[in-house]
Amino acid sequence: MSRPISDRRSRKRLATRQAISDAATRMFMERGFDRVTVDEIAEAADVGRMTVFNHFPRKEDMFFDREHEARDIAFEAIRSRHPATSPIQALGELAHRMAEQSEPGFPLFADTQAFVETALASEALKARARQMRDDFIRALAAVLRGAADRSSDDAVAHLAAGLITSAWTTAFVRAYAQLSETGDAEAAKGTFLDLIDRGVRGTHAALADTPYAAGY
């Protein structure tokens, strides 16, 4: 009997978390991140203030509530890549899949412009995004080391992670700036993929004598 009870509790917890996230996202999109309080989110989700913090330690975490899913997609692209594909190239191919095949969980340039504009309008969110980027680079370096069977003190893995993350960040920011200015999603997608491809080639050039570029 303990397992069904545990399962019910888990489902209830996930449902509560989703309700908080949905309420927060709706209010952030409508009013802007900085104009919404945690108390207002709690009221809209019909939970207590402490329940909100039990699920999301920081207000910013409610906005970036799918960060770990995005990490999982990136890391799985490396782990499941074709043997002839380098770890860096695998991340380039992921960008093309996300842009061209509309990754269900993280669509690019479709119904996401408001999310990006809300993030760029908040200093708190931009600061959190920078922290997330730095955390991602460290985690990606570990995944790259594992894929290349390198030791934990391999500094080149951090260089590889930093270079390809910088390429993704630049491509994403410039593409959305173009989308905001022109409203042309196809042109923005083209800019995104062009910058990704250049970033992959540049990263491979810098890592030409390392296993992180092997198979390219």
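First residue of the sequence shown? That's 17 in our numbering, and the numbers climb one at a time after it. Backbone N, C-alpha and C define an ideal beta-carbon position, used for all residues, glycine too.
Residue i lies in the alpha helix (DSSP H); which residues open and close that run?
i, result
"histidine 220", "201-222"
"tyrosine 192", "171-198"
"alanine 145", "139-164"
"glutamine 105", "103-116"
"histidine 71", "65-71"
"leucine 136", "129-136"
"phenylalanine 49", "Segment: none, phenylalanine 49 is in no alpha helix (DSSP H) and carries neither H nor E."
"phenylalanine 79", "75-79"
"histidine 84", "83-95"
How many Å lie between residue i and residue j at the Cα?
i, j, result
"isoleucine 57", "alanine 40", "6 Å"
"lysine 75", "valine 132", "17 Å"
"arginine 47", "alanine 163", "43 Å"
"serine 168", "valine 159", "10 Å"
"tyrosine 192", "phenylalanine 125", "8 Å"
"proline 227", "phenylalanine 188", "27 Å"
"threonine 53", "alanine 135", "16 Å"
"isoleucine 104", "lysine 142", "26 Å"
"histidine 220", "serine 102", "9 Å"
"glutamine 34", "alanine 93", "26 Å"
"threonine 185", "aspartate 225", "25 Å"
"isoleucine 212", "aspartate 23", "42 Å"
"aspartate 200", "methionine 66", "43 Å"
"proline 99", "glutamine 147", "32 Å"
"lysine 205", "arginine 166", "35 Å"
"alanine 60", "arginine 27", "20 Å"
"aspartate 150", "arginine 144", "10 Å"
"glycine 215", "arginine 113", "16 Å"
"aspartate 55", "glutamate 197", "35 Å"
With a Cβ-Cβ cutoff of 7 Å, do residue i and residue j count as a contact?
i, j, result
"isoleucine 180", "leucine 107", "yes"
"methionine 78", "phenylalanine 72", "yes"
"alanine 115", "leucine 209", "yes"
"alanine 230", "leucine 223", "no"
"leucine 156", "alanine 177", "yes"
"methionine 43", "alanine 130", "no"
"glycine 182", "phenylalanine 49", "The residue asked about is misnamed: residue 182 is serine in this sequence, not glycine. Contact: no."
Please work out which residues of its chain come closer than 6 Å, Cβ to Cβ, to residue i, disregarding the five sequence neighbours upstream and downstream, and give them in chain order.
i, result
"phenylalanine 161", "A small correction: the amino acid at residue 161 is arginine; phenylalanine does not occupy that position in the sequence shown. The residues are Asp170 and Ala173."
"aspartate 81", "Ser37"
Return the chain-ordered list of same chain residues with a C-beta closer than 7 Å to the C-beta of residue i, the five sequence neighbours on each side being excluded.
i, result
"valine 245", "Outside the shown range of the chain, which is 17 to 232, sits residue 245, and nothing can be said about it."
"threonine 207", "Arg190, Ala191 and Gln194"
"phenylalanine 91", "Val159"
"aspartate 88", "none"
Under 8 Å Cβ to Cβ from residue i, same chain only, skipping five residues before and after it: list those, please.
i, result
"glycine 218", "Leu179 and Ala183"
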